[in-house]
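*Asks:*
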Amino acid sequence: RLLIIDFGSQVTQLIARRLRELNVYCEIHPYQNVTDAKLAEIAPKAVILSGGPDSVTREGSPRAPDSLWTMGVPILGICYGQQVMMTQLGGEVHGGKITGGGGTAEFGRAYVTPTKDRIDALAGWFLEEKEQVWMSHGDHVAKLAPGFEVYGTSPNAPYAITADLSRQFYAVQFHPEVHHTPNGATFFENFVRLAGFSGDWTMGAYKDIAIEKIRQQVGDKQVICGLSGGVDSSVAAALLHEAIGDQLTCVFVDHGLLRLNEAEEVVTMFRDHMNLKVIHADETELFLGELEGQSDPETKRKIIGRLFIDVFQKYANEIEGAEFLAQGTLYPDVIESVSFSGGPSVTIKSHHNVGGLPEKMGLKLVEPLRELFKDEVRALGRELGLPASFIGRHPFPGPGLAIRCPGEITREKLDILRQADAVYIDQIRKHGLYDEIWQAFVAILPVRTVGVMGDGRTYDYACALRAVTSVDGMTADYYPYSHEFLGETATRIINEVPGINRVTYDITSKPPGTIEWE
Ligand code: XMP
């Protein structure tokens, strides 16, 4: 296995992801835990030292254990990792927070050029004469440690790529793991090839390790899991079930704001086909009752969030001996909660989750998907035998149809919305567009408009179709349907859904819009 020693970079998980893409098994351990003894126990085949926010020039700043340097394994140091390497091996690092006075703090895109006479020695590390890379550092290496040579430079980083080939130590100033280093994957590929990895590790192997970890953490205790029917919680539940079987109880909170037949489909699949213990908490009356007369988006979200927690807690309390709460938290959820700029960020929408619940109920958390990205969760889901149709589902927000029904929510509007949404999604599937679209849904508008059907006047609701492409939901663009598709879909909805007599298509991107209507 490959060991990543984490010095606290925001993007350490991206290193792990790059390695998994290369079918290499790796483990991330925070630097505090990697003692000489721990290192000997892990016995890695190669080590990567991550970036980090500290400065090696500060006394007491993080270091790698001394025994690392004599283990005889290939080591790659990235950014702070490079500086740790130089400092511990006899080089020098200078602080450069302030540019101008000899310092070379550098943030953003840079171009690394290979050092001509040396490039052959490191064949394959570059694809181009000049590689675009991403820099983000305050300090810089001022003197190389003995044995190291320079293999690439950038205008502001004379030691952009350095290596001691005899010891297989490589140290780079830039971040090969981020998207803005377009050939970063090749960079890692070269490193793991040099380190002798065969690249035969799979998601199946990841599953086995994840199961083992869950068993160790949970022991013989009971676990409860909120099942929403979304991909993340479904994969988490399936994984936990495989790990601990009947020690897992899932609670499916039905707030009456789900899509057509959704509750039955989710409960049937998990209970009858996958043999999980599932409590179907039908609390439609409670939710719709409290939402009555409410039209402010934030108020609606807060009511749903609060009731969700109350309901979950009520059912969870009935499960004897529950000590753990399982959540399908993914890695992007983990980083998104940390602000990159460090500045205060504005609440655009109160996102609905069960945060705060574990403390309130005295439960410990199990988050088996915490290291994974969405596409990896889908791969894991396939590995666990979840049907493809389930794994490829569009995201669905916790507050459900409430935020697709601007203004006051009524049962009548929800019924109309559910039917229109079902017709729309059916159209998308029939035209083979479902997998091209990140998310698609209908919003029912709080206006009624006049129409004519047959010989009669109608006065019914208008609805808006929404479909966006996106990679992570953070930014999005509307999907460019053909006019034929839009026309056919509008006709079907108006003909098949009583209560709607006008259909519009929402062509707002995000930003400035958001994906959902509230
Ligand atoms: P917005 O509307 O903020 O949505 O552009 C971005 C993505 O997040 C989903 N979404 C939510 N998901 N709880 C969730 O679990 C929420 O409260 C929530 N609000 C929005 C939305 O469906 C889209 O995929």
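With the first letter of the sequence shown counted as 1, position 75 gets the number 82 in full-length UniProt numbering; the numbers rise by one all the way through.
For each residue, glycine too, the CB sits at the ideal point set by N, CA and C.
Beta-carbon within less than 8 Å of His-36's beta-carbon, same chain only, minus the 5 sequence neighbours each way: which residues are those?
*Replies:* Taking the sequence shown and counting its residues from 1, one reaches residue 36 at position 29. Hits under 8 Å: Leu-10, Ile-11, Ile-12, Asp-13, Lys-45, Ile-49.
*Asks:* Output yes or no for whether 8 Å exceeds the beta carbon distance between Glu-99 and Ala-164.
*Replies:* Indexing the sequence shown from 1 puts residue 99 at position 92. Indexing the sequence shown from 1 puts residue 164 at position 157. No, the Cβ-Cβ distance between Glu-99 and Ala-164 is not below 8 Å.
*Asks:* Would the beta-carbon of Pro-404 be found less than 7 Å away from any heavy atom of ligand 1?
*Replies:* Working through the sequence shown from its first residue, we reach residue 404 at position 397. Yes; taking the cut-off as 7 Å, the Cβ of Pro-404 has a heavy atom of ligand 1 nearer than that.
*Asks:* Does the count of Cβ pairs from the segment 255-262 and the segment 221-233 closer than 8 Å reach three?
*Replies:* A contact exists between the segment 255-262 and the segment 221-233.
*Asks:* Any idea what DSSP makes of residue 5, helix, strand or coil?
*Replies:* Here the chain covers residues 8 to 525 and nothing more, so residue 5 does not appear.
*Asks:* Going residue by residue through the segment 54-114, where are the continuous alpha helix (DSSP H) segments of at least 4 residues, counting only ones entirely within it?
*Replies:* Segments of the alpha helix (DSSP H) lying fully in the segment 54-114: 87-95.
*Asks:* Which whole runs of the beta strand (DSSP E) in the segment 247-298 are 3 residues long or more, in chain order?
*Replies:* The segment 247-298 contains these whole beta strand (DSSP E) runs: 255-261, 284-289.
*Asks:* With DSSP as the reference, label Phe-176 as helix, strand or coil.
*Replies:* On the sequence shown, position 169 is the one that residue 176 refers to. Residue state, collapsed to three classes: strand.
*Asks:* Do Ala-47 and Glu-378 have their C-beta atoms closer together than 8 Å?
*Replies:* One-based indexing of the sequence shown puts residue 47 at position 40. One-based indexing of the sequence shown puts residue 378 at position 371. Their beta carbons are not under 8 Å apart, which means Ala-47 does not touch Glu-378 by this criterion.
*Asks:* Please state whether DSSP places Ser-161 in a helix, a strand or coil.
*Replies:* Translated into the one-based positions of the sequence shown, residue 161 becomes position 154. The answer is strand: DSSP assigns Ser-161 an E or B state.
*Asks:* Given this structure, state the Cα-to-Cα distance separating Thr-511 from Val-242, to the nearest angstrom.
*Replies:* As a position in the sequence shown, residue 511 is number 504, starting the count at 1. As a position in the sequence shown, residue 242 is number 235, starting the count at 1. Rounded to whole angstroms, Thr-511 to Val-242 spans 35 Å at the Cα level.
*Asks:* Can you look up Glu-327 in the DSSP assignment and give me helix, strand or coil?
*Replies:* Reading the sequence shown from its first residue, position 320 is the one you call residue 327. Residue state, collapsed to three classes: coil.
*Asks:* Could you check which residue in Ala-447, Ser-173, Pro-72, Ala-167 has the C-alpha nearest to that of Glu-113?
*Replies:* Taking the first residue of the sequence shown as 1, we reach residue 113 at position 106. Selected option, being the one with the closest Cα: Ala-167.
*Asks:* Please state the DSSP three-state secondary structure of Tyr-32.
*Replies:* Working through the sequence shown from its first residue, we reach residue 32 at position 25. If DSSP states are grouped into helix, strand and coil, Tyr-32 belongs with coil.
*Asks:* Between the alpha carbons of Ser-346 and Asp-340, how many angstroms are there, rounded?
*Replies:* The sequence position of residue 346 within the sequence shown is 339, counting from 1. The sequence position of residue 340 within the sequence shown is 333, counting from 1. The predicted position of Ser-346 is uncertain, since its pLDDT is 33 and thus under 50; a value taken from the coordinates is nonetheless stated next. For Ser-346 and Asp-340, the distance between alpha carbons rounds to 12 Å.
*Asks:* For Ile-398 versus Arg-418, is the C-beta distance shorter than 8 Å?
*Replies:* If you number the sequence shown from 1, residue 398 lands on position 391. If you number the sequence shown from 1, residue 418 lands on position 411. No; because the gap between Cβ atoms is not below 8 Å, this pair is not in contact.
*Asks:* Do the segment 84-103 and the segment 172-182 touch if we need at least three Cβ pairs shorter than 8 Å?
*Replies:* Short answer: they touch.
*Asks:* Determine the DSSP secondary structure at Leu-391, reduced to helix, strand or coil.
*Replies:* Here residue 391 refers to the residue found at position 384 of the sequence shown. In the structure shown, Leu-391 sits in coil (DSSP, three-state: anything other than H, G, I, E or B).
*Asks:* DSSP on Pro-339, reduced to helix/strand/coil?
*Replies:* Translated into the one-based positions of the sequence shown, residue 339 becomes position 332. Note: Pro-339 maps to helix in three-state DSSP.
*Asks:* For Ala-497, I'd like the list of residues in its chain whose CB is within less than 7 Å of its CB, leaving aside the five on either flank, ordered along the chain.
*Replies:* Stepping through the sequence shown from its first residue, residue 497 is reached at position 490. The answer, listed in chain order, is Val-510.
*Asks:* DSSP state of Glu-196, grouped into three classes?
*Replies:* Reading the sequence shown from its first residue, position 189 is the one you call residue 196. Glu-196: helix per DSSP, three-state reduction.
*Asks:* In terms of alpha-carbon separation, which member of Ser-143, Pro-121, Lys-420 lies closest to Ser-62?
*Replies:* The residue labelled residue 62 in the question sits at position 55 within the sequence shown. Nearest option by C-alpha distance: Ser-143.
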